[in-house]
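Worksheet: the structure to be examined is printed underneath.
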Amino acid sequence: MSYDLIILGGGCAGLSLARRLSELGEDCPQTVILESRSSYTDDRTWCFWGEDAAQLTHLVRHRWSWASVAAEGKTVKVDCSAFPYSMIPSLAFYDESLEMISQAPQLLLEAGVSVLSEPLKVGDNWQVETSAGMRSARMVVDTRPLQTPQRQAAGLRQSFVGHEIECAEPIFQPEVAELMHFEPAGEGEILFFYLLPLAENSALIEATIFSAEPLGPDRFEKEIQEFITRRVQGANYTIRRSEHGILPMGIPPPQGNPDASYVSAGLTTGAARPSSGYTFQRIQRWAADCAKALGAGLPPLAHARDPMLLRGMDAIFLRVLRLQPEIAPELFLALFKKVEIAILVRFMSDRGTLSDYATIASALPSGPFLRQTLPALIASRMP
Ligand SMILES: Cc1cc2nc3c(=O)[nH]c(=O)nc-3n(C[C@H](O)[C@H](O)[C@H](O)COP(=O)(O)OP(=O)(O)OC[C@H]3O[C@@H](n4cnc5c(N)ncnc54)[C@H](O)[C@@H]3O)c2cc1C
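Numbering-wise (our numbering), the sequence shown opens with residue -3 and increments by one.
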């Protein structure tokens, strides 16, 4: 059978687009989603700020009204109750998305089916070779993670391991999300812990390292075990679930496919915010726009590029972090101490205004940033 659209990969981006398509009714294109995993597990959690524009908030299972950053014996704790830090467990998103797909007659999810080679255009159709045979369609949205040199071009990687633990005793403060708890790191690395209490006796605890090289889960085991041991104060605990990720930070934007009927989307092709790795809400915004275009009979959309000023600020920030990792704790403490949380949230959620950018720039130590401005702009080929 030939489709209007093939979505390669049914992870966050592929399913987000499919669920938006399912809302189009009769305008929904005939679509197949090809996904190599045969079943979905609770493999990650998605966090974001619960500001007005945040999407899928009905799937949020935990919210925190306070956020803190700590380093070198100092802690900054801010009231973020107006836009609580929010968490969606991936399984809640997967379950609802699969249900929405199953209810839409034009959508088919083929799980356990792997794409084996790059799609080829033959006449007006893309031919996709899969482990279950050939599939063909007029249009392709490719959400498979890039494994090409472009991914290697990321200046920094954010590698992390998280354990969801349950303790024998109540020890956590359920209303405070500890976003960054910095600890001394190895040469060229930035190390911090992330602690999201889920109840008084359970929490998701992650160790994150920003470094030039991608780091596997084994690299973190010693640090995370030591941190957990300190925080549980000798209480017995069990690990309920673990997650691991490597997010490239600051990938150059991919060259668009000259054929408008084929676009790439997802984490490695423009969805991730370069300076933070936040991706989930950016994928939701893209999925809404892309589905709208498809519903109107137009070709699919790639991720929109960030405004030039935002790209410039992110490029400078990343360059400072890469070249002077030792000042990272001071930078983040200064941001959370000096900048109103509403401004920080707008900035982190891609909704900053010119005056927000100016406030953030003025809160950061000028020396390192002034020195890196020109090289960062040249390196990112920005006018
Ligand atoms: C553990 C973890 C925690 C994260 N936490 C956050 C967070 O808190 N907030 C945030 O904003 N972002 C977070 N992210 C980043 C980002 O939101 C996620 O990585 C998100 O899943 C990216 O969506 P995606 O669709 O690009 O990739 P994925 O969700 O990984 O989907 C890609 C899909 O393609 C499939 N696939 C790959 N190759 C093939 C093939 N050959 N054939 C068929 N299918 C294929 C894969 O099986 C997968 O399902 C996190 C990432 C991870 C890994």
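Cβ atoms here follow ideal geometry from the backbone N, Cα and C, with glycine treated the same way.
Check, Outcome
"Ends of the alpha helix (DSSP H) at E174?", "It is not in any alpha helix (DSSP H) - E174 instead sits in the beta strand (DSSP E) that spans 172 to 179."
"Going by the C-beta, is H54 closer than 7 Å to any heavy atom of ligand 1?", "no"
"Rounded to whole angstroms, what is the Cα-Cα separation between A298 and S77?", "34 Å"
"In this structure, how does DSSP classify C8 when only helix, strand and coil are distinguished?", "helix"
"Which whole-angstrom value describes the C-beta separation of I220 and H159, a residue pair presumed to lie in contact below a C-beta threshold of 8 Å?", "7 Å"
"What is the DSSP secondary structure of R147, reduced to helix, strand or coil?", "Below a pLDDT of 50, predicted positions are generally treated as unreliable, and R147, at 49, falls in that range; no measurement from the model is reported."
"Following a CB-centred definition, is G262 positioned closer than 7 Å to any heavy atom of ligand 1?", "yes"
"Taking the continuous alpha helix (DSSP H) assigned at V383, which residues delimit it?", "No statement about residue 383 is possible, as the shown extent of the chain runs from -3 to 379 and does not include it."
"Among G246, P115, V109, which has the Cα closest to the Cα of Y258?", "P115"
"Considering only the beta carbon of each residue, do A133 and L1 sit closer than 8 Å?", "yes"
"In three-state DSSP terms, what is M130?", "strand"
"In terms of residue numbering, what span does the beta strand (DSSP E) encompassing P244 cover?", "233 to 245"
"Kindly indicate which residue of D138, K117, V228 has the alpha-carbon position closest to the one of G10.", "D138"
"Taking its Cβ as the centre, do 16 or more other Cβ atoms sit within 10 Å of C8, making it buried, or is it exposed?", "buried"
"If you measure between the beta carbons of I201 and A181, is that distance less than 8 Å?", "no"
"Report whether the distance from the Cβ of F276 to the nearest heavy atom of ligand 1 is below 7 Å.", "yes"
"Return the chain-ordered list of same chain residues with a C-beta closer than 8 Å to the C-beta of T234, the five sequence neighbours on each side being excluded.", "I161, E162"
"In this structure, how does DSSP classify H58 when only helix, strand and coil are distinguished?", "strand"
"Give me the Cα-Cα distance between E322 and D120, rounded to the nearest whole angstrom.", "54 Å"
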